[in-house]
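Peer 1: Questions regarding the structure given below will be posed in turn.
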Amino acid sequence: MRVAIVGGTGPFGRALAARLRESGDEVVIGSREAARAAATAAELGVEGSTNAEAVRRADIVVLATKADAALNTARDLREAIGTTPVLSVASELRITAGGVLPSPEPASIAERIQAELEGPVVAGLHSLAASNLGSEQPPDEDAFVCGDDAPAKGLALDLAARVTSGRALDAGPLASARALEGLTAVIVNLNKRYRVHAGLRVTGIE
Ligand SMILES: NC(=O)c1ccc[n+]([C@@H]2O[C@H](COP(=O)([O-])OP(=O)(O)OC[C@H]3O[C@@H](n4cnc5c(N)ncnc54)[C@H](OP(=O)(O)O)[C@@H]3O)[C@@H](O)[C@H]2O)c1
């Protein structure tokens with residue numbers, strides 16, 4: 015599968031690219047700056063180009079920019095992405111003195127991105143910390159994917175299954191992204207409280 019990682023120069027994009035490359039995927043790292051993409055890509059042994067170039071021939075686009083840039087980036091890339099499925103991994107968090115809070119927005123980032131794009135948007139991988147994803151072995155954690163378009167969700171579940179040694183789980187319609195994105199706040203609070211890089215595993219599913 016050819017996977018374009020928009021904003022792939024950050025810790026999450028890098029870790030995902032390395033895992034996907036290991037599993038035999040064709041990966042292209044995207045950046046706002048071609049030179050930055052090329053430098054990251056050379057380090058990881060994958061391709062690199064501007065975000066707009068990266069998405070053009072992809073089977074799936076992973077939108078992995080800084081979370082608060084995801085919506086504008088999707089808007090900017092609307093034409094280049096066309097009908098290619100997009101996987102949103104973004105969670106909007108608010109850091110306060112009392113702890114990390116989920117976004118107060120009623121709709122998830124993924125649903126707002128869907129409103130901007132022609133093709134299907136799915137959401138997932140929010141609970142996989144970049145540090146765990148990038149560790150020597152694939153993380154022993156479940157990955158959750160949600161979406162309304164069955165083929166797009168299938169592609170994203172296949173991708174998720176290749177980057178974790180846990181399970182890739184179908185978490186239902188795109189509206190579930192509200193919970194998956196919000197869950198990131200819970201995980202970050204756990205990380206701070208217990209000084210860990212927590213991940214998730216669901217019980218009761220064989
Ligand atoms: N970090 C994690 O553990 C983790 C885990 C699960 C999900 N996620 C999600 O994965 C995504 C990436 O996380 P990250 O920690 O790798 O993020 P990051 O380092 O903050 O940003 C990733 C990339 O976004 C690009 N970027 C920054 N500002 C931008 C802007 N204004 N417009 C367009 N692009 C911009 C930059 O690439 P260029 O400067 O090269 O364009 C940067 O390298 C986020 O949505 C996050 O919620 C992260």
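Residues in the sequence shown are numbered from 15 upward in steps of one, following the working numbering.
Where a beta carbon is used, it is the ideal one built from N, C-alpha and C, also for glycine.
From a predicted model like this one, the values you see are computed outputs, not experimental measurements.
Could you check whether the Cβ of K80 sits closer than 7 Å to any heavy atom belonging to ligand 1?
Peer 2: Under cutoff, so the answer is yes.
Peer 1: Taking the alpha helix (DSSP H) that S179 belongs to, which residues open and close that run?
Peer 2: Element bounds for S179: n/a, residue is neither H nor E.
Peer 1: Have a look at E57, V103, A68, V135 and flag the residue whose alpha-carbon is nearest the alpha-carbon of E47.
Peer 2: Ranking the options by Cα distance to E47, first place goes to A68.
Peer 1: Around the C-beta of I219, are 16 or more other C-beta atoms found within 10 angstroms, so that it is buried, or is it exposed?
Peer 2: Burial call: exposed.
Peer 1: Could you spell out the range, first to last residue, of the beta strand (DSSP E) harbouring I95?
Peer 2: Note, I95: premise wrong, no beta strand (DSSP E); alpha helix (DSSP H) at 92-95.
Peer 1: Is any heavy atom of ligand 1 found at a distance shorter than 7 Å from the C-beta of A143?
Peer 2: Yes.
Peer 1: Just list the alpha helix (DSSP H) runs in the stretch 31-60, keeping only unbroken ones of 4 residues or longer that don't cross its boundaries, in chain order.
Peer 2: Whole alpha helix (DSSP H) segments, 4+ residues: 48-58.
Peer 1: Under the assumption that V159 contacts K167 (Cβ atoms under 8 Å), give the Cβ distance between them as a whole number of angstroms.
Peer 2: With a Cβ gap of about 6 Å, V159 and K167 count as contacting.
Peer 1: In this structure, does DSSP put T64 in helix, strand or coil?
Peer 2: Three-state DSSP puts T64 in a strand.
Peer 1: For L86, count neighbouring Cβ atoms within 10 angstroms of its own Cβ and tell me buried if that reaches 16, exposed if not.
Peer 2: Here residue 86 is Asn; the residue named in the question, Leu, does not match the sequence. Per the 10 Å Cβ criterion, exposed.
Peer 1: In angstroms, rounded to a whole number, what distance separates the CA positions of R35 and T110?
Peer 2: Approximately 37 Å, taken between the alpha carbons.
Peer 1: CB-CB under 6 Å to S45, same chain, minus the five flanking residues each way: which ones, in chain order?
Peer 2: Same-chain partners within the cutoff: T23, A51.
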